[in-house]
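Residue numbers (my numbering): 296 to 449.
So the structure is just underneath, and the comments pick up after that.
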């Protein structure tokens, strides 16, 4: 259990927090696959490319663990990353805007090596902070029951 906790911690702190993508070779099985709501499915080389891009766009990225749980060969990591945008990303010009990403990652290990993980994080909030989507509140809210469209009932 301690080794899995250490591996999950290294993934957040060393890989994302310090940009040390070579650590992935040590932690992951060669057939590793990751699932992310923004990136999609990625193999080891895809995750390395994503981390490099993230670190290039947010060179002062801080990554920390808010909670870490282990059950058998599975870890659940609650994490937060924050940094200032310093390079064009997703058609967004850098203005030094501070961006926060927070989520959880469910990781599956076999023989001490990470084989698969699935991350769920606030991608909508991330895109809002970058100015790519508007807050839902800006669309207006129903002020009374009459604003809600009626549905036909059979």
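Glycine included, every Cβ here is placed at the ideal spot set by N, Cα and C.
query, result
"Inter-residue Cα distance where the pair is residue 301 and residue 417", "25 Å"
"Residue interval of the alpha helix (DSSP H) (run including residue 450)", "Beyond the ends of the chain as shown, which are 296 and 449, falls residue 450; an answer cannot be given."
"Residue 310 versus residue 397: straight-line alpha-carbon distance, rounded", "16 Å"
"Status (buried if at least 16 other CB within 10 Å, exposed otherwise) for residue 356", "buried"
"Other residues of its chain near residue 389: CB distance less than 7 Å, five sequence neighbours each side excluded", "380, 381, 382, 383"
"Beta-carbon separation (whole angstroms), residue 326 vs residue 337, contact threshold 8 Å", "13 Å between Cβ atoms; not a contact."
"Residues of its chain near residue 387, where Cβ-Cβ distance is below 8 Å and the 5 sequence neighbours each way are ignored", "380, 425, 426, 427"
"Residue burial classification, residue 367 (beta-carbon count within 10 angstroms, cutoff 16)", "exposed"
"Host alpha helix (DSSP H) of residue 423 (start-end)", "418 to 424"
"Rounded straight-line distance, which links the Cα of residue 432 to that of residue 402", "34 Å"
"Residue range of the beta strand (DSSP E) that includes residue 394", "393 to 405"
"C-beta atoms of residue 342 and residue 361 nearer than 8 Å", "no"
"Local conformation of residue 331 per DSSP, three classes", "strand"
"Cβ neighbours of residue 413 in the same chain (closer than 6 Å, five flanking residues each side left out)", "330, 401"
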